[in-house]
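See below for the structure under consideration.
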Amino acid sequence: MTEFEAGRPLVLRNGTVLPMDGRRVLTETDVLVTGDKIAAIGPRLEVPEGTAEIDASGGIVMPGMIDTHRHMWQTAMRGYGADWTLTQYFVWYYLEYGKLFRPEDVHAGNTLAAIEALDAGVTTVVDWSHGLRTPDHADAAVDALQAVPGRYVLAYGNIQAPPAEWTTAPEFRDFVRRRITGDDMLGFQIAFDVTGDPSFPEKPAFEVARDLGVNVTTHAGVWGATSDEGIRLMYEHGFMTPGTVYVHAASLSADSYNRIAATGGSISVSTESEQSAGQGYPPTWAIRLHGIPVSLSMDTSVWWSGDLFSAMRTTLGADRAREHLEAQAKGETVTHAALRADQVVHWATRGGADAIGRDDLGVIEPGKKADIVLIKNDHSPVSFPLLNPFGHVVFQAQRGDVHTVLVNGRVVKHEHRLVGIDLAAARAQVDRTVEYLRGELGEEAWEKGMNPDIPTTKVLDNPYTYTDYRSDATHRR
Ligand SMILES: [Zn+2]
C-alpha cells in the first residue's frame, strides 16, 4: 500500500483525542505524525506537503495499548483451555505437554499472538515467554516477533528448568549478546517465579538480571503457587527493584503490598485470568489503596481473549464488584464509585509504558513515539453518540472497532484491515503445530485435556417446591 509509504507524514484529522495526561479530552483535534514520532496535536493543523490523511471524525484517537504479560507461545492453542483451572493449566503445560513444544511451535504461537495484538490496538506486548527450553526456542520466539511490526519485550523464561540453571548457562548469555541489541522495538526482561523455598534457590537468577541490568517479571501472589514468602525473600535479599513487574499479586498480604509500594515496583493485573483461573480476586481494589502502579495484561489466549478492551472492562467491573461487596458486608452502600473509566484506560496505556520503563510510549504528545490507535466504526450503531470517550473505550468499544493502528509511525492496520500481514502463512504454521501436538497427545488425551471432568453440583433443597410447577402438564417438555 503506497498510500502510507515509509517516510510520508500522516495526519489523523478531526478526532476525539485522549492524550492520557489525566482526564483531558480534545475534540475535533488533529494528530500529525512524522517519521516514528508524534509531531503536533491541535485543531486544523497545517501539515507538510504530501501528508497522508486519515479521517478520524466520529472516532477516538488514543495511545496504542500495552500488555505487560502475555504468554504468546500459547496462542497456538487458542481457546483449548477455556474450562481449565490453574491446576489443570499447570498440569498440561508445566508437567505434561509444555516440553513437547518445538521451536517452530513457539514461532507459530508468537506469530499469531503478535498479529492478534496489532489487530486489537495493542501496540506493545511483553512476551512472557516461559516455554524457552533451549536457545533455539528463544531464537524462534524472537524471529517471530521481529517479523511482525509491533513493539515487544521478550521476557525470557523456561518452566522446564530451575531459574538458577538456565539463567547461568553460557547459551543464555550468548543469546542475550546475539539477539538483544538495544533495538527500540525489542526490549528484554527475565521471567521466573519465586517459590518461597527458604533456601531462596532463585537468588542466582536475580544476580544474573542485576548483572545484565535487566528487570525481572514474576508471577507473585498466585494462590497455591507463590506467596508472601517469595516477596519476603526478594525483599530481604535486595532484589525488589523499581523495574520489577509483579504479575497477578492477587493473594498477598498488606505487608507484601507495602514492600512492593516502598520499592517502586508495579503490578500487572490480568483480571480475566484471575477471575476464572483462581490466582486470587483481581487485586486493583486492594492495591490502589497502597498506591502501587498498575498495568493490565491478558495472560494467555489458551483460555482468554487477547485484547485489552476486555481487560479494561473486566478490571473496572471486578473492582466495583468488590467495592460493593465489601461495603454491603458491613451493611453499607457505595454511592460514589472510586474507580473511574479513565483510570483503567490509563492503566492500559501509560500504566504499561511506566511498567516497562518507556516514558516515550502510552501518551499522545509531541515528541513521543507514534504508537496510536483510532477507534472508529461508521457501520456500528454503538459508535454514537460519543458523549463520554473514556467510558466509551471501556464499556462500548471492542476490537472490531479498531479502525487504524500505527506502531513507530507505521500504519499496520487501516480501515479495519491489517496492512502487510500474511495471515494465511500464520494460519498454516499454527495448523501444523496443532496437528503435531494432537498427534503427540493422541485423541483421548487431547479430548480429555480440553474437557476436564465436571464436579457434581447438588441442587439445593427448596422449601417452596411443595407444588412442583414441573408436574403441570403445560410445562411438560
Ligand atoms: Zn502468566
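So the sequence shown is numbered by the working numbering: it starts at 1 and just counts up by one.
We treat Cβ as the ideally placed atom computed from N, Cα and C, and that holds for glycine.
Beta-ladder partner(s) of residue i, from DSSP
{"i": "W128", "result": "A155"}
{"i": "E53", "result": "V11"}
{"i": "F188", "result": "L154"}
{"i": "L67", "result": "At residue 67 the sequence reads Asp, which differs from the Leu that was named. Note: D67 sits in a beta bridge opposite V125."}
{"i": "A40", "result": "L32"}
{"i": "T16", "result": "I60"}
{"i": "V344", "result": "According to DSSP, V344 bridges with nothing at all."}
{"i": "L478", "result": "Nothing can be reported for residue 478: it is not among the residues displayed for the chain, which extend from 1 to 477."}
{"i": "H219", "result": "V247"}
{"i": "D299", "result": "R70"}
{"i": "K369", "result": "K37"}
{"i": "V294", "result": "I267"}
{"i": "L26", "result": "V17"}
{"i": "T226", "result": "V222"}
Residue i vs residue j beta-carbon contact at 9 Å
{"i": "G59", "j": "I375", "result": "yes"}
{"i": "M65", "j": "V17", "result": "no"}
{"i": "L118", "j": "V412", "result": "yes"}
{"i": "G150", "j": "D193", "result": "no"}
{"i": "V245", "j": "H69", "result": "yes"}
{"i": "L361", "j": "G352", "result": "yes"}
{"i": "T226", "j": "G196", "result": "yes"}
{"i": "T300", "j": "G442", "result": "no"}
{"i": "V334", "j": "M312", "result": "no"}
{"i": "T263", "j": "T241", "result": "yes"}
{"i": "V382", "j": "A397", "result": "yes"}
{"i": "E274", "j": "S310", "result": "no"}
{"i": "V144", "j": "A108", "result": "Reading off the sequence shown, one finds Ala at residue 144, where the question assumed Val. Cβ atoms of A144 and A108: closer than 9 Å."}
{"i": "V122", "j": "L325", "result": "no"}
{"i": "S402", "j": "Y89", "result": "Correcting the residue type first, residue 402 is Val in the shown sequence and not Ser. No, the pair does not count as a contact, with Cβ atoms beyond the cut-off."}
{"i": "L252", "j": "G224", "result": "no"}
{"i": "L316", "j": "V394", "result": "yes"}
{"i": "P452", "j": "W84", "result": "yes"}
{"i": "M298", "j": "S270", "result": "yes"}
{"i": "P282", "j": "A254", "result": "no"}
{"i": "G391", "j": "N377", "result": "no"}
{"i": "S57", "j": "G15", "result": "yes"}
{"i": "D67", "j": "V126", "result": "yes"}
{"i": "A52", "j": "F101", "result": "no"}
Sequence-distant residues of the same chain with beta carbon closer than 8 Å to residue i, five excluded per side
{"i": "R477", "result": "Legend: pLDDT at R477 = 49, less than 50; position of this residue unreliable, value from coordinates given subsequently. Cβ within range, chain order: n/a, list empty."}
{"i": "F206", "result": "V216, M234, H237 and F239"}
{"i": "P19", "result": "L26, I41, V363, I364 and E365"}
{"i": "T168", "result": "P204, A205 and V208"}
{"i": "N408", "result": "D36, P149, R151, D184, M185, K369, A370 and D371"}
{"i": "E104", "result": "A140, Q429, R432 and T433"}
{"i": "P198", "result": "E229 and L233"}
{"i": "A120", "result": "M65, G306, D307, L308, F309, R399 and V402"}
Beta-carbon contacts of residue i that lie in its chain and below 7 Å, excluding the five residues immediately before and after
{"i": "I479", "result": "Absent from the model: residue 479. The displayed extent of the chain is 1 to 477, so no value can be given."}
{"i": "G7", "result": "none"}
{"i": "T404", "result": "I54, L374, V411, K413 and H414"}
{"i": "V91", "result": "none"}
{"i": "E171", "result": "P135"}
{"i": "H346", "result": "M20"}
{"i": "V214", "result": "F188, Q189 and I190"}
{"i": "A261", "result": "H290, G291 and I292"}
{"i": "R259", "result": "I231, Y235 and M240"}
Proximal residues to residue i (C-beta, below 6 Å), its chain only, five neighbours per side dropped
{"i": "L32", "result": "V11, A39, A40, L45 and V47"}
{"i": "F200", "result": "L233"}
{"i": "D30", "result": "V11, R13 and L45"}
{"i": "R322", "result": "W285"}
{"i": "A164", "result": "P201, P204 and A205"}
Residue i at chain B interface by Cβ criterion, 9 Å
{"i": "H219", "result": "Annotation note: the requested chain B is absent from the structure, which comprises a single protein chain."}
Inter-stretch contact (C-beta, 8 Å, three-pair minimum) for the region 69–77 and the region 101–115: yes
Segment contact flag, the region 124–139 with the region 169–180, C-beta cutoff 8 Å, min 3 pairs: yes
Contact the region 115–132 vs the region 147–163: 3+ CB pairs below 8 Å: yes
Given 8 Å, three or more beta-carbon pairs between the region 335–353 and the region 89–105: no
Unbroken stretches of the alpha helix (DSSP H), 4 residues or longer, contained in the region 235–283: 254–263 and 271–277
Whole runs of the beta strand (DSSP E) within the region 380–438, excluding any shorter than 3 residues: 402–407 and 410–414
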